[in-house]
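Here the structure comes first, spelled out in structure tokens, and everything after it is commentary.
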């Protein structure tokens with residue numbers, strides 16, 4: 076349902092207001108994602124591993140206490156970074172719009188950690204519910220204001236209110252552990268940050284890679300071009316969101332456990348998850364393509380049909396990445412953080428260079444081709460790294 080609401084929201088904004096508004100909204104979504112990952116330090120990679128080894132209410136409470144302490148740094152850092160990004164990209168937010176966006180950033184930094192622990196506590200349904208409130212519930216309400224003056228302001232206000240409500244829901248789900256008093260020593264925090272360092276670099280590089288194209292397009296072509304690209308990219312990005320919710324969230328604790336403990340059934344479980352990820356990816360891609368074509372025909376906006384190749388290229392890149400995402404998680408569960416970090420940094424550099432060159436030379440076509448090549452490159456690198464450790468019997 077959440078995916079359907081987001082698709083309809085993007086389509087409605089594009090039709091009723093045009094690509095410029097969608098471009099600004101798409102840039103803000105990318106800034107939010109990047110800021111949250113950069114400022115979060117991926118501290119959960121330290122705490123969730125500890126919790127997975129000995130799951131209990133006491134362990135959950137201790138982990139959450141560590142995150143509460145880190146949020147005193149992460150939240151302000153994410154807000155400052157995202158504010159600076161809106162200025163650097165010349166988005167031009169009013170004071171009220173910027174304030175609402177800061178609420179989105181602050182709550183998102185907290186909810187990111189809460190949903191991970193909700194999943195680790197084996198309650199994926201509530202994790203989906205929290206994400207649904209934050210990402211989709213507000214969109215039908217926001218559409219009522221798209222035709223008014225300052226539509227971006229109303230979009231951000233609706234988004235901020237829903238983001239705050241999702242925070243309250245996440246805290247309520249973990250209420251038995253979230254406020255447990257625990258004394259967290261500085262050494263514990265420093266050790267955790269050091270352990271998470273490699274994966275933080277890896278995750279940040281991956282997130283930057285997935286969103287850098289919009290920033291490059293904004294710099295070269297402006298918000299209208301970002302809007303067109305963001306429309307098709309958001310459609311394609313519903314695929315990993317669906318695979319994450321339908322497959323990876325359900326199998327994440329099991330996958331991390333079997334590879335972390337080097338259990339004999341780990342490869343059989345990995346293959347099972349890969350097959351499910353591929354099946355869900357293909358099924359979802361057909362639905363996204365069919366739905367997009369159907370909406371264009373039903374709403375008599377046939378001018379978008381010649382551009383459907385953009386969506387096809389973007390979906391192909393996403394299928395390749397999601398088919399190998401379980402392999403990435405297996406490497407993470409096997410504590411190959413440093414190798415993942417090096418791989419991600421190399422891919423980020425190549426992706427950024429490729430994006431700048433192709434967008435500068437070929438405009439929108441270059442951006443789409445860059446995304447396809449990047450997706451296939453990520454999948455190939457993951458499989459190559461996994462094969463490297465498999466041949467040495469070290470995974």
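In my numbering, the protein residues as written are 76 to 470. Quick reminder that beta carbons are idealized off the backbone N, C-alpha and C, glycines included.
Spatially closest choice to residue i from the options, by CA coordinates
{"i": "residue 242", "options": "122, 288, 187 and 302", "result": "187"}
{"i": "residue 428", "options": "446, 413 and 264", "result": "446"}
{"i": "residue 450", "options": "398, 82 and 411", "result": "398"}
{"i": "residue 279", "options": "195, 412 and 143", "result": "412"}
{"i": "residue 361", "options": "383, 345 and 341", "result": "383"}
{"i": "residue 209", "options": "276, 223, 182 and 407", "result": "182"}
{"i": "residue 203", "options": "162, 271 and 248", "result": "248"}
{"i": "residue 298", "options": "313, 453, 380 and 164", "result": "164"}
{"i": "residue 288", "options": "95, 434, 235 and 213", "result": "434"}
{"i": "residue 328", "options": "404, 274 and 114", "result": "404"}
{"i": "residue 114", "options": "125, 103 and 148", "result": "148"}
{"i": "residue 391", "options": "330, 308 and 461", "result": "308"}
{"i": "residue 356", "options": "393, 470, 326 and 342", "result": "393"}
{"i": "residue 175", "options": "237, 132, 93 and 126", "result": "237"}
{"i": "residue 111", "options": "184, 212 and 469", "result": "184"}
{"i": "residue 270", "options": "346, 116, 81 and 371", "result": "116"}
{"i": "residue 85", "options": "422, 214 and 421", "result": "214"}
{"i": "residue 346", "options": "322, 364, 273 and 358", "result": "322"}
{"i": "residue 420", "options": "395, 83, 274 and 198", "result": "274"}
{"i": "residue 81", "options": "125, 212, 201 and 152", "result": "212"}
{"i": "residue 171", "options": "226, 216 and 218", "result": "226"}
{"i": "residue 370", "options": "418, 310, 207 and 461", "result": "310"}
{"i": "residue 306", "options": "443, 144 and 409", "result": "443"}
Nearest-angstrom Cα separation, counted from residue j out to residue i
{"i": "residue 302", "j": "residue 220", "result": "19 Å"}
{"i": "residue 425", "j": "residue 254", "result": "44 Å"}
{"i": "residue 336", "j": "residue 283", "result": "31 Å"}
{"i": "residue 169", "j": "residue 285", "result": "27 Å"}
{"i": "residue 135", "j": "residue 385", "result": "44 Å"}
{"i": "residue 348", "j": "residue 224", "result": "48 Å"}
{"i": "residue 340", "j": "residue 333", "result": "7 Å"}
{"i": "residue 277", "j": "residue 245", "result": "26 Å"}
{"i": "residue 259", "j": "residue 108", "result": "28 Å"}
{"i": "residue 389", "j": "residue 313", "result": "11 Å"}
{"i": "residue 97", "j": "residue 463", "result": "43 Å"}
{"i": "residue 381", "j": "residue 367", "result": "12 Å"}
{"i": "residue 469", "j": "residue 262", "result": "30 Å"}
{"i": "residue 437", "j": "residue 94", "result": "20 Å"}
{"i": "residue 222", "j": "residue 416", "result": "45 Å"}
{"i": "residue 191", "j": "residue 330", "result": "15 Å"}
{"i": "residue 272", "j": "residue 294", "result": "30 Å"}
{"i": "residue 400", "j": "residue 352", "result": "8 Å"}
{"i": "residue 430", "j": "residue 132", "result": "46 Å"}
{"i": "residue 201", "j": "residue 193", "result": "7 Å"}
{"i": "residue 406", "j": "residue 127", "result": "16 Å"}
{"i": "residue 338", "j": "residue 344", "result": "10 Å"}
Unbroken alpha helix (DSSP H) run spanning residue i, endpoints
{"i": "residue 315", "result": "298 to 318"}
{"i": "residue 165", "result": "No alpha helix (DSSP H) contains residue 165, which DSSP labels as neither H nor E."}
{"i": "residue 426", "result": "412 to 437"}
{"i": "residue 384", "result": "383 to 408"}
{"i": "residue 107", "result": "94 to 115"}
{"i": "residue 237", "result": "226 to 248"}
{"i": "residue 324", "result": "324 to 335"}
{"i": "residue 210", "result": "Per DSSP, residue 210 belongs to no alpha helix (DSSP H) and is neither H nor E."}
{"i": "residue 260", "result": "Taken as a continuous stretch (DSSP letters only), residue 260 belongs to no alpha helix (DSSP H), as it is neither H nor E."}
{"i": "residue 127", "result": "119 to 128"}
contact_flag[the stretch 157 to 173, the stretch 80 to 97] where n(CB pairs < 8 Å) is 3 or more: no
Validate contact between the stretch 233 to 250 and the stretch 113 to 122 using beta carbons, cut 8 Å, 3 pairs: no
Inter-stretch contact (C-beta, 8 Å, three-pair minimum) for the stretch 133 to 150 and the stretch 250 to 266: yes
Given 8 Å, three or more beta-carbon pairs between the stretch 225 to 238 and the stretch 95 to 108: yes
Segment contact flag, the stretch 314 to 325 with the stretch 451 to 459, C-beta cutoff 8 Å, min 3 pairs: no
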